[in-house]
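> In our numbering, the protein residues as written are 6 to 986.
Glycine included, every Cβ here is placed at the ideal spot set by N, Cα and C.
Since we're looking at a predicted model, the values are computed, not measured.
Quick one: the structure is below, and I'll ask about it shortly.
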């Protein structure tokens, strides 16, 4: 069934609603009817759940029901009714843990079924929104224990905090002047020191400052988060109140209120919850929004999770991993990687240097364009996936069925999946059928244990379960890195309290990356951002330590990173890049079909039957009712997005109104749902039946992965930075010219014709920035000597031959080309290449259509590009350079990057050979260049020369897969010539 050391071998997680299916709100009533509202409010569980989730709604309902209701406007009664009905639907049908609506438990796997008792445990905590006021008083105490922010760095004369805790979503940097007193305060706080000791040491060293100025200095350092207080909670503190001392006014009262509510039998009626909410609302910026109290419910559950459900989870992963393993799409990370490679090449660079706006390349600028994971559009697997989807749709249509069966024969054509993580959490929604329990995939989490992590800080069983998942994940990562790799969790406090509340976990990993907080009692090695380095290998940016040990960051929770600080978001993106996620997708069919069948494999439903309300259809009650009847939509449907889905009865007028609201909001897909009574799968002590889901952690199938070895990469040398930045007025001048890619060759030839006196003194790079094509020219002249060039550019701009242009400050790619002494040698090479290549342009016709058979195949002209590339390699001194090693390195790297696309490219190149112009003296000219004594400082390793060959291919106008094609032609031609003697 599964690996013996994996958690799913003997345990699984159950998520169960507190409400029963008998409370499903389907009684007929007009909107705003007071009696209908009273019936909804009469359910014991809903009063506490709604009071906790929305105190304002609860107060308004109470007020309405305490009177005749005639003084409440109909519009307001309708709004209250609708809000309460949605909560009632959630309570009776949804299992997502949220406040007092649903909870979790860990149960053994075996024969039998789970059951609910009555002794559920509330884990109550005040959030950061509440403790922030208490912390202000704590920081002012003489005995307050302070320490430097882990993300603190020194930049010139400033002390900068790179990741702030913040109070909102901005996550901006902060900095203060690095004065002597400020530095002394930070040095004193190293490790930890009391505020009193810090102030005393500064006062002793600077007696003229006076106590008031010293206190203000420490206050300013705390406000800027240069110093943090130990009372401020860590991501591993389940309760933010845990570190606030009793001496702070209000702390004891708050703890007492939390304790009283935690153990109350009827908190909605005895005042304990009202008291706690009242205390918390005094600390909130928005009194009408309940952000101050967070509750997780530990279920009093017994029994076992049936083995059949664990088998269903394994079957789901077997089918989805084989047919629907989707690679993530992250344009922001791709752009960052390209800029990193251009700037640093094969060098290991400190993370904080690389993302620095002045010293490095900064953070990715295109986060807004990050897309949902999707499968590659080309390659054998993509073709098989399209064939499978077409076959299943044809099967459903020809047989007239709502559910199609995926068979082992359907899976047989797919290769073993690669790019899988160590494990997944498979969430299964349950309902009863005559043969027993039926399971439907409700979601997939990564890595295994992530759906449980949120509960680990407070629940022992959850912590033990998650720890086993982490141990499995850690061992898997070590196996893939030759025993060198480490995983670390992240101690990070976001600027959004609601995210922090669901992101807190126990400290589970052997390493911790302290970002803007640190564990109170660390259980292993603590790292900071200063310990993290970046390198580029196999087409992606990688994270390593200074000794090149591969490192990945983990946050064992389901919280989104979209609101996280840029540092955390980038590190998570790098760690997760290349990891395939298995989930069902109909691909292009989803865009053109308004009805799709369910898909079932063995005993698990992979995706439900669904219908889409037409975009052109009228959004009205009558139109919706008629469409439901005409299309044959199931009586019960799920509508909405993610965790806010509603289980609705399409025969119920009020439910149809809620459905219309969802459609109007853009949620047009309706998913078949079972009858509410069928979802009751867990019995309580009173005989009530509750809806439930199980979460099974499954080891991922697939081929083994090996992380690239970066031990041979040199470390970034900070001394090189003084040679890196070139500003206008120096020996070189840079031009950035906006121009459509198809016009690049014409512009370059015109520039070369106009400025023959600059031959061998300029070079160019084709670039794309912010989705716009660009030419970047670098000319070996001070800008003051380029008046004729400036005039040429101005005339070309006015004539519309080019777009806007600028003279930017630019960074020389020192590491990529061997360092500060080696780079000038390659600048001379680039200038010589430009002089030789520009007259040959266009080598690849930029307007030539790509063959319709595959977007991965190359455009006409690649043979000519390969001919130039072959001469470029022939220009090296064979005693100094092993050209074959350079070619092999480049081919190997591109093969890994292109994956399944590489084979059809090679197949398309059969019978094709590099074409060389007989009158071209490129090889001889380059041999003469390399013989020049001025070139003796050039670093000629395979990695550096591979970067140089890539830049040549850029000048030739090749795309990355076409560069691979040209290299492959050169490789096969050199092999052929060797065989022929």
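#1: Could you check what DSSP says for residue 48 in three-state terms: helix, strand or coil?
#2: By a C-beta neighbour count over all protein chains shown, 10 Å radius and 16 as the cutoff for buried, is residue 374 buried or exposed?
#3: Between which two residues does the alpha helix (DSSP H) holding residue 544 run?
#4: For the alpha helix (DSSP H) that residue 323 lies in, which residues bound it at each end?
#5: Between which two residues does the beta strand (DSSP E) holding residue 436 run?
#6: Measure from the C-beta of residue 678 to each C-beta in chain D and report whether the shortest distance is under 8 Å.
#7: From the DSSP output, which residues share a beta bridge with residue 616?
#8: Can you give me the start and stop residues for the alpha helix (DSSP H) that residue 741 sits inside?
#9: How about residue 902 and residue 581: are their beta carbons less than 8 Å apart?
#10: May I have the straight-line CA-CA distance separating residue 943 from residue 878, to the nearest angstrom?
#11: So, helix, strand or coil for residue 883, using DSSP?
#12: Assuming the contact rule is C-beta atoms closer than 8 Å, residue 701 and residue 315 should be a hit. Round their C-beta distance to whole Å, please.
#13: Pull the bridge partners of residue 580 from the DSSP assignment, please.
#14: Measuring CB to CB, does residue 199 end up less than 8 Å from residue 147?
#15: Use the C-beta contact count for residue 609: other C-beta atoms within 10 angstroms, 16 or more gives buried, fewer gives exposed.
#16: Between the alpha carbons of residue 593 and residue 530, how many angstroms are there, rounded?
#17: Starting from the C-beta of residue 478, find all residues in its chain whose C-beta is less than 6 Å away, skip the five residues before and the five after it, and write them out in chain order.
#18: If you compare alpha carbons, which of 726, 262 and 934 is closest to residue 817?
#19: Quick check on the burial criterion: 16 or more other C-beta atoms within 10 angstroms. Buried or exposed for residue 811?
#20: So residue 641 is in the beta strand (DSSP E); what residue range does that whole segment cover?
#21: Would you call residue 174 buried or exposed, if buried means 16 or more other Cβ atoms sit within 10 Å of its Cβ?
#22: Which residue from 864, 906, 892 and 524 puts its Cα closest to that of residue 961?
#23: Which one of 57, 68, 27 and 19 has the shortest CA to CA distance from residue 42?
#24: For the beta strand (DSSP E) that contains residue 786, what are its first and last residues?
#25: Would you mind reading off the limits of the beta strand (DSSP E) that contains residue 769?
#26: Secondary structure at residue 586, three-state DSSP: helix, strand or coil?
#27: Tell me which same chain residues have a C-beta within less than 8 Å of the C-beta of residue 124, skipping the five on either side of it?
#28: Report all residues from its chain with a CB closer than 7 Å to the CB of residue 1007; omit the five preceding and five following residues, and keep chain order.
#29: Relative to the C-alpha of residue 794, which candidate in 551, 742 and 197 has its C-alpha closest?
#30: Taking 7 Å as the limit between beta carbons, can you name the residues of its chain near residue 763, skipping five residues before and five after?
#31: For residue 301, count neighbouring Cβ atoms within 10 angstroms of its own Cβ and tell me buried if that reaches 16, exposed if not.
#32: Taking the straight line between their C-alpha atoms, what separation do you get for residue 690 and residue 48?
#33: Return the CA-CA distance between residue 932 and residue 520, expressed in angstroms with no decimal places.
#34: Does the structure place the region 503-514 close enough to the region 234-252 that three or more beta carbon pairs sit under 8 Å?
#35: Output needed for residue 63: all residues of its chain with C-beta closer than 7 Å, excluding positions within five of it in sequence on either side, in chain order.
#36: Please classify residue 93: is it buried, with 16 or more other beta-carbons within 10 angstroms of its beta-carbon, or exposed?
Straight from the coordinates:
#1: In the structure shown, residue 48 adopts coil according to DSSP, grouped into three states.
#2: Because residue 374 carries a pLDDT of 42, less than 50, the predicted location of this residue cannot be relied on, and the following value inherits that uncertainty. Under a 10 Å Cβ-count criterion, residue 374 is classified as exposed, with fewer than 16 other Cβ atoms of the shown protein chains found around its own Cβ.
#3: Neither: residue 544 is in no alpha helix (DSSP H) and is coded neither H nor E.
#4: 312-328 is the span of the alpha helix (DSSP H), which, as asked, contains residue 323.
#5: Per DSSP, residue 436 is one residue of the beta strand (DSSP E) stretching across 428-438.
#6: This model lacks chain D altogether, as it is built from one protein chain only.
#7: In the DSSP output, where bridge partners are listed per residue, residue 616 has 600 and 675.
#8: Careful: residue 741 lies outside any alpha helix (DSSP H), inside the beta strand (DSSP E) at 738-743.
#9: Not a contact, by the Cβ cut-off of 8 Å.
#10: For residue 943 and residue 878, the distance between alpha carbons rounds to 16 Å.
#11: When secondary structure is reduced to three states using DSSP, residue 883 falls in the coil class, being assigned neither helix nor strand.
#12: About 5 Å; that satisfies the 8 Å criterion.
#13: BP columns for residue 580 are empty, so no partner.
#14: The answer is yes: Cβ separation under 8 Å.
#15: Result: buried.
#16: Rounded to whole angstroms, the gap between the alpha carbons of residue 593 and residue 530 is 47 Å.
#17: Residues 427 and 452 of the same chain have their beta carbon placed closer than 6 Å to that of residue 478, with the five preceding and five following residues left out of the count.
#18: The shortest C-alpha separation from residue 817 is found at 726.
#19: Result: exposed.
#20: From DSSP, the beta strand (DSSP E) with residue 641 extends over 641-644.
#21: Residue placement at residue 174 is flagged as unreliable, the pLDDT there being 45, under the threshold of 50; the coordinate-derived value follows with that caveat. Exposed.
#22: Nearest to residue 961 by C-alpha distance, out of 864, 906, 892 and 524, is 864.
#23: Measuring from the Cα of residue 42, the nearest candidate turns out to be 68.
#24: Careful: residue 786 lies outside any beta strand (DSSP E) and carries neither H nor E.
#25: Note, residue 769: beta strand (DSSP E), 767-774.
#26: DSSP places residue 586 in strand when its eight states are reduced to three.
#27: Listed in chain order, the non-local C-beta contacts of residue 124 below 8 Å within the same chain comprise 305, local neighbours out to five positions each way being set aside.
#28: Residue 1007 lies beyond the stretch modelled for the chain, which goes from 6 to 986, so this question has no answer here.
#29: Selected option, being the one with the closest Cα: 742.
#30: Contacts found: 784.
#31: Result: buried.
#32: For residue 690 and residue 48, the distance between alpha carbons rounds to 17 Å.
#33: Distance between the alpha carbons of residue 932 and residue 520: 51 Å.
#34: Short answer: they touch.
#35: The beta carbon of residue 63 is closer than 7 Å to those of 55 and 56 in its chain, skipping five residues each way along the sequence.
#36: Residue 93 should be labelled buried.
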